[in-house]
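In our numbering, the protein residues as written are 507 to 823. Quick reminder that beta carbons are idealized off the backbone N, C-alpha and C, glycines included. Read the structure below first, then the notes.
Here it is, written out as structure tokens:
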């Protein structure tokens, strides 16, 4: 068994991708909803290997129709792609592939909290590719977030195409499904289209951030929140397939704290947060936060329809 292998638990219904292998026969599996569960090697069976079909061990991989983040036609589509090409069964080469008709100034960086390391900065021509890094499969869980910024080059007077950026953080359950023929390189690998779900770069804001004397920030607008706030991650961002569990929890908590502060500022006497049942981590963090506040009368699990036990009612003093 290797990291990236798709396995099924022998004594349960769960399927997932191996993300960690430890001594003593212990492994960690990421199931479809992004949660990770521990298991022993003798408790699982391989149903799909993420890497073996490249190296001729005779194992045939199951066909995944319409895998997340990519369609079977993507290799022929125009756009900018991030491609991971296997060198061997342990190492992947990382390429930026420009499958468009336009040249771009590109900046690709690995983000480590408040720090970053630039992997590529410069022009990438139309219909060309550049190798930007190498990654080991064994350290997949430690791969940092990639920040990708692109500024189009207009070589004649024409309609201005906006600059854009994309932040990418892979989950094993989606990464190892995204096999395709890599355009230009004409080899099988893992392919991700960066020109989908992009965020336009605000050039004015970028210039202000580079100015030596930044302008004072405008007062923060504090809109009155709805009486109930849904914290399910798919309601907060479309990029959740690229986020780790900790990043998803951080976004959910930031949304919770922001709306609670808005509710207090507007004098609301109560607000309900829908967190779902799940594994209880988000509910626990919300209750821990509320227990430390002095301007909260009480909080309790909301049991009335439609939330069942998957919501918390906060009574504000």
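*Is the beta carbon of residue 680 sitting closer than 8 Å to the one on residue 697?*
no
*For residue 667, which of 610, 750, 819 and 779 has the nearest alpha-carbon?*
610
*Around the C-beta of residue 689, are 16 or more other C-beta atoms found within 10 angstroms, so that it is buried, or is it exposed?*
buried
*Distance, Cα to Cα, residue 805 vs residue 798?*
12 Å
*Less than 8 Å separating the beta-carbons of residue 640 and residue 599?*
yes
_Helix, strand or coil for residue 742? Go by DSSP, reduced to three states._
helix
*Output the distance between the C-alpha atoms of residue 588 and residue 603, rounded to the nearest integer angstrom.*
6 Å
*Using the C-alpha atoms, what's the distance from residue 663 back to residue 766?*
49 Å
_Residue span of the alpha helix (DSSP H) that contains residue 771, given as start and end_ = 751–771
*Nearest candidate by alpha-carbon position, reference residue 761, set 700, 808, 776 and 780*: 780
*Spatial neighbours of residue 622 in its chain, beta-carbon cut-off 6 Å, leaving aside the 5 residues before and after*: 615
_Secondary structure, beta strand (DSSP E): runs of 3+ residues fully inside the region 597–641_ = 597–604, 610–618 and 621–630
*In angstroms, rounded to a whole number, what distance separates the CA positions of residue 774 and residue 731?*
9 Å
*asked:* Assuming contact is defined by CB atoms lying nearer than 8 Å, are residue 591 and residue 612 in contact in what I supplied?
replied: no
*Over the uninterrupted alpha helix (DSSP H) stretch that includes residue 819, give me the two end residues.*
Segment 817–822 is the beta strand (DSSP E) holding residue 819; no alpha helix (DSSP H) there.
*Would you mind stating whether residue 748 and residue 803 have Cβ atoms separated by less than 8 Å?*
no
*Locate the alpha helix (DSSP H) running through residue 796, then write down its first and last residues.*
787–796
*To the nearest angstrom, how far is it from the Cα of residue 735 to the Cα of residue 778?*
6 Å
*Under a three-way DSSP split, which group does residue 586 fall into?*
strand
*Three-state secondary structure assigned by DSSP to residue 530*: helix
_Selected residue, minimal CA-CA separation from residue 597, among 644, 628 and 637_ = 644
_What does the Cβ neighbour count give for residue 593, buried or exposed, with the cut at 16 atoms within 10 Å?_
exposed
*asked:* Determine whether the beta carbon atoms of residue 552 and residue 513 lie at a separation below 8 Å.
replied: yes
*Could you please give the first and the last residue of the uninterrupted alpha helix (DSSP H) stretch that includes residue 681?*
678–681
*asked:* So, for residue 821: in the same chain, excluding its five sequence neighbours on each side, which residues have a beta-carbon less than 6 Å away from its beta-carbon?
replied: 776, 803 and 804
*Buried versus exposed, by CB contacts within 10 Å (16 or more), residue 624*: exposed
*asked:* Using CA atoms only, rank isn't needed, just tell me which of 782, 785 and 823 is closest to residue 796.
replied: 823
*I think residue 531 touches residue 547, with their Cβ atoms under 8 Å apart; what is that distance to the nearest whole Å?*
5 Å
*Is it the case that the Cβ atoms of residue 791 and residue 759 are separated by a distance below 8 Å?*
yes
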